[in-house]
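J.: Going from the sequence shown to the numbering used here is simple: count from 1 and add 4. For glycine and all other residues, C-beta sits at the position ideal for the given N, C-alpha and C. Keep in mind that this is a model prediction, so the values were computed, not measured.
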Amino acid sequence: MLNKPIVIEKWQKKNKYGRPGTALNTKKIAIHYTGKADVDGWRTVSYFNNIVANGYKVNGKYIYASSHYVIDLDGTIYQLIPTDEICYATNSANSYAIAIEVATTGDDNHYTDETYKSMVHLCAWLCMYKGLDCKTDIITHTDIVGKAYKLCPIYMVKNPHKMQQFKLDCWNLKAGKIGIDDIINCTSPSYSPVATAYIPKLIKIIQDVNYHHSPDFKSSTVVGVAQAGEIFTVIGIIKRSDTNMYKLKSGYYITTSTKYVQKYA
Ligand SMILES: [Zn+2]
5 MLNKPIVIEK WQKKNKYGRP GTALNTKKIA IHYTGKADVD GWRTVSYFNN IVANGYKVNG
65 KYIYASSHYV IDLDGTIYQL IPTDEICYAT NSANSYAIAI EVATTGDDNH YTDETYKSMV
125 HLCAWLCMYK GLDCKTDIIT HTDIVGKAYK LCPIYMVKNP HKMQQFKLDC WNLKAGKIGI
185 DDIINCTSPS YSPVATAYIP KLIKIIQDVN YHHSPDFKSS TVVGVAQAGE IFTVIGIIKR
245 SDTNMYKLKS GYYITTSTKY VQKYA
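1. By the three-class DSSP mapping on this structure, what secondary structure does residue 252 have?
2. If you measure from the CB of residue 93, is any heavy atom of ligand 1 nearer than 8 angstroms?
3. Can you tell me which of the three DSSP states residue 168 falls into?
4. Strictly closer than 5 angstroms from CB to any heavy atom of ligand 1: give me those residues in the order they appear in the chain.
5. Nearest-angstrom Cα distance between residue 31 and residue 265?
6. What's the call for residue 98, buried or exposed, on a 16-neighbour Cβ count within 10 Å?
7. Please classify residue 261 as buried or exposed, where buried requires at least 16 other C-beta atoms within 10 Å of its C-beta.
8. Rounded to whole angstroms, what's the CA-CA distance from residue 40 to residue 174? Just pull it up for me.
9. If we ignore side chains and look at the alpha-carbon of each, how far apart do residue 19 and residue 64 end up?
10. Taking the DSSP output, what are the residues bridged to residue 97?
11. Check this for me: beta carbons of residue 81 and residue 92, under 9 angstroms apart or not?
12. Starting from the Cα of residue 111, find the closest Cα among 162, 154, 243, 90 and give me that residue.
13. Can you find the residues in the same chain that come closer than 7 angstroms, C-beta to C-beta, to residue 200, ignoring five residues on each side of it along the sequence?
14. Any idea what DSSP makes of residue 47, helix, strand or coil?
15. For residue 246, which of 219, 177, 58, 176 has the nearest alpha-carbon?
16. Helix or strand or just coil, what does DSSP make of residue 206?
17. For residue 11, does the three-state DSSP call read helix, strand or coil?
18. By Cβ distance below 8 angstroms, which residues in the same chain neighbour residue 104 in space, the five residues on each side in sequence not counted?
19. Residue range of the beta strand (DSSP E) that residue 230 falls in?
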């Protein structure tokens, strides 16, 4: 059973620009980014609650915008709108999507380790609480509006394999296969350097061996056992100081040791 993450409540007053009070029928969780790297998330909270909610015009038109949650650079999770009411963040999905605005860092708008951990914890918990599937029900804003309209969150849209890994991390946390302390920030620039060495497309297991949710051999990262005879698709090799690991198409990692696996194609 996954505990609810710590959430700082910053309830927005009822208002027509961000919190109309309309009932939300949650079917998806939509991830957004706050738009500019290295800007504190609490500024976004303040913008929604203290500026937009009071009626704020840009080019003569009122802004309608809000978010259920905002996650800050230090991992703090703010909640502005209850999850049984709609917010204005995800366009045509507003009637069924919980929205999470996330602060980003660096030129590529990736996530700090603290932010990433909070994203995974909050999304895994929301999927449990709302009866959703982490692999299919966590979406990007761009999934709804298309790339021509907006790349949001820009890092995940430009790096779809990271979005896949993020959803897998949420799924593993919800399923109890990993703990919160095991969450590894796959968006970190120092994560998973892929070797340029020859990478086989397929490997065959020759002796039962564990596979892992992150590229290390700790028992806490084990997510299952690959059985002798099984064949897996490889998408990369992770260089390690001891034994290297294959990254599998599923997002999991397995040893390159020829005691356990052999190249198949
Ligand atoms: Zn967005």
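T.: Checking against the coordinates, here is how it stands:
1. strand
2. yes
3. helix
4. 36, 145, 156
5. 41 angstroms
6. buried
7. exposed
8. 25 angstroms
9. 19 angstroms
10. Bridge partners of residue 97: none, in fact.
11. no
12. 162
13. Confidence in residue 200 is poor, its pLDDT being 41 and thus under 50, which makes the residue's placement too unreliable to answer from.
14. helix
15. 219
16. strand
17. coil
18. 33, 34, 35, 36, 71, 72, 73, 74, 75, 123, 126, 127
19. 226-230
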